[in-house]
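Engineer: Here this note's numbering is used: position 290 in the sequence shown is 286, and no number is missing along the way.
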Amino acid sequence: MKIFNNTNQLKKTISKYLSSDKTIGFVPTMGALHDGHLKLITTSLKETNITICSIYINPTQFNNLNDLNNYPKNHSEDLNKLKNVGCNIVFIPNNKEMYGNKLESNNYNLGNCLTVLEGQKRPGHFNGMLTIVEKLFSIVSPNKAYFGIKDFQQLWIIKQLLISTSSPIILREIETVRDPSGLALSSRNQHLTKNELISATKIFTALSDFKMHVHMFFSKSTKNLNNNNLKKYINQVKSNLSNDTLIKIDYFEVIDIENFSFAKNLKHNKQYRALIAAYVGETRLIDNILI
Ligand code: PAF
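#1: Check whether the segment 220 to 233 and the segment 246 to 265 are in contact - that is, three or more C-beta pairs closer than 8 Å.
#2: What is the residue span of the alpha helix (DSSP H) that residue 200 lies within?
#3: Less than 8 Å between the CB of residue 66 and some heavy atom of ligand 1, yes or no?
#4: Is the distance from the Cβ of residue 151 to the Cβ of residue 143 below 9 Å?
#5: Taking the straight line between their C-alpha atoms, what separation do you get for residue 177 and residue 197?
#6: Assuming contact is defined by CB atoms lying nearer than 9 Å, are residue 138 and residue -1 in contact in what I supplied?
#7: Does ligand 1 have even one heavy atom less than 8 Å from the beta-carbon of residue 115?
#8: CB residue 1 to CB residue 55, shorter than 9 Å?
#9: Under a Cβ-count criterion, where at least 16 other Cβ atoms within 10 Å of its own Cβ denotes burial, should residue 287 be classed as buried or exposed?
#10: Taking the Cβ atom as the reference point for each residue, do residue 284 and residue 145 lie within a distance shorter than 9 Å?
#11: Give the C-beta separation of residue 174 and residue 200 to the nearest angstrom, bearing in mind that I take them to be a contact with Cβ-Cβ under 8 Å.
#12: Along the chain, where does the beta strand (DSSP E) that runs through residue 282 open and close?
#13: For residue 241, which option in 278, 272, 220 has the closest C-alpha, if you only look at C-alpha atoms?
#14: So what does DSSP say about residue 256, is it helix, strand or coil?
#15: Taking 8 Å as the cut-off, is the CB of residue 201 close to at least one heavy atom of ligand 1?
#16: When we look at the beta-carbon of residue 5 and count the other beta-carbons within 10 Å, is it buried (16 or more) or exposed?
#17: Per DSSP, residue 173 forms a beta bridge with which residues?
#18: If you pair each beta-carbon of the segment 153 to 171 with each one of the segment 108 to 127, do three or more pairs fall below 8 Å?
#19: Taking residue 35 as part of the alpha helix (DSSP H), name the residues at either end of that continuous run.
#20: With contact counted as at least three CB pairs below 8 Å, one residue from each stretch, are the segment 161 to 168 and the segment 103 to 116 in contact?
#21: Any chance you could list the alpha helix (DSSP H) runs of at least 4 consecutive residues sitting entirely within the segment 86 to 138, in chain order?
#22: Let me check understanding here. Comparing Cα to Cα, which of 246, 189, 263, 170 lies closest to residue 214?
#23: How many Å lie between residue 18 and residue 136 at the Cα?
#24: Ends of the beta strand (DSSP E) at residue 275?
#25: Between residue 195 and the rest of its own chain, which residues show a CB-CB distance below 6 Å, the 5 nearest in sequence each way excluded?
#26: Please report the residue range of the alpha helix (DSSP H) in which residue 47 lies.
#27: Could you round the C-beta distance between residue 140 and residue 21 to whole angstroms and report it? I think they count as a contact, below 8 Å.
#28: Is residue 140 helix, strand or coil by DSSP?
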């Protein structure tokens, strides 16, 4: 496994692959790797000739300095995990390498998907994320890029970026990896205490319960699920979740995945996603489920 800190050296190596017709798979990460990340890597290893993983904690996508400073870091463990799964190249740049002297994000105009939910709760987050993803894409020139469905809004936004720039990069959406309790794997789970870990499992239970309510409704009725019923089901699962004093819900919303708008009523044979963000103690977690 080759490790690069320098953009030009990485680009030189990549140019050899590009001229040899080898396909490149790219997995951008912020480190603190878990099995969810490793699934992105192993999928890329199966589907492309060269797999490149980047590890870079991008300051511009953090709207909270505490969150940035507390983001878990463990490069030596990350490198061991990457070596074990057979990753070919790791890119670990520093801020100067990625931003020069100007640690600033670009402004993107991709519609309201940037300003609702995570965009509203974490102002500037998606501009920062898109800035670094675009920079990394231009350095790595991947044929395929791998992202987890756990960050569904991020994935949706990156898809819009690729469409709006007519990019040839193929976006591969990889299913969320969960621990046996249903809890979505996340680098932030490291911050949870034992009790918080137990509470955190209720997030996926809430999503699953909501899905069950909707499916039960559709199994009995040929009608759309109207706004009142939708709200009723959402409030039911929110209220169950709020019974746990360690949990504070930030949002629970259902979106139409065609245009990332809030669903007012649900139609048969159409796909939606329920998205949740919740604090468990001090730790903010997100998750989602296909409806
Ligand atoms: O999902 C992440 O870890 C980050 O948002 C990403 C895509 C690596 C950009 O910094």
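For every residue, glycine included, the Cβ atom is placed at its ideal position computed from N, Cα and C.
Structural biologist: Looking at the coordinates:
#1: Judged by Cβ distances under 8 Å, the segment 220 to 233 makes contact with the segment 246 to 265, as three or more pairs qualify.
#2: Taken as a continuous stretch (DSSP letters only), the alpha helix (DSSP H) holding residue 200 covers 190 to 216.
#3: Checking every heavy atom of ligand 1 against the Cβ of residue 66, none is found closer than 8 Å.
#4: For residue 151 and residue 143, yes; Cβs fall inside 9 Å.
#5: Cα to Cα, the separation comes out at about 6 Å.
#6: Not closer than 9 Å, so no.
#7: Relative to ligand 1, residue 115 has its C-beta separated by 8 Å or more from all heavy atoms.
#8: Their beta carbons are not under 9 Å apart, which means residue 1 does not touch residue 55 by this criterion.
#9: Counting Cβ neighbours within 10 Å, residue 287 comes out buried, since at least 16 surround it.
#10: In this structure, residue 145 lies closer than 9 Å to residue 284 by Cβ.
#11: Yes, they are in contact, since the Cβ atoms of residue 174 and residue 200 sit about 7 Å apart, within 8 Å.
#12: Where residue 282 is concerned, the enclosing beta strand (DSSP E) stretches over 279 to 286.
#13: Of the candidates 278, 272, 220, the one whose C-alpha sits nearest the C-alpha of residue 241 is 278.
#14: If DSSP states are grouped into helix, strand and coil, residue 256 belongs with coil.
#15: Result no, Cβ not under 8 Å from ligand 1.
#16: Exposed is the call here.
#17: For residue 173, DSSP assigns no beta-bridge partner whatsoever.
#18: They touch, by the three-pair rule.
#19: Under the DSSP assignment, residue 35 falls in the alpha helix (DSSP H) whose first and last residues are 31 to 43.
#20: Flag = no, the segment 161 to 168 and the segment 103 to 116 do not touch.
#21: If we require 4 residues or more, the alpha helix (DSSP H) runs fully inside the segment 86 to 138 come out as 91 to 95, 114 to 117, 121 to 136.
#22: Nearest of 246, 189, 263, 170 to residue 214, Cα basis: 263.
#23: Using only the alpha carbons, I get a separation of about 13 Å.
#24: Residues 268 to 276.
#25: The answer, listed in chain order, is 240, 242, 243, 276.
#26: Run containing residue 47: none in the alpha helix (DSSP H); it sits in the beta strand (DSSP E), 46 to 51.
#27: Contact flag correct, Cβ pair sits at about 5 Å.
#28: Note: residue 140 maps to strand in three-state DSSP.
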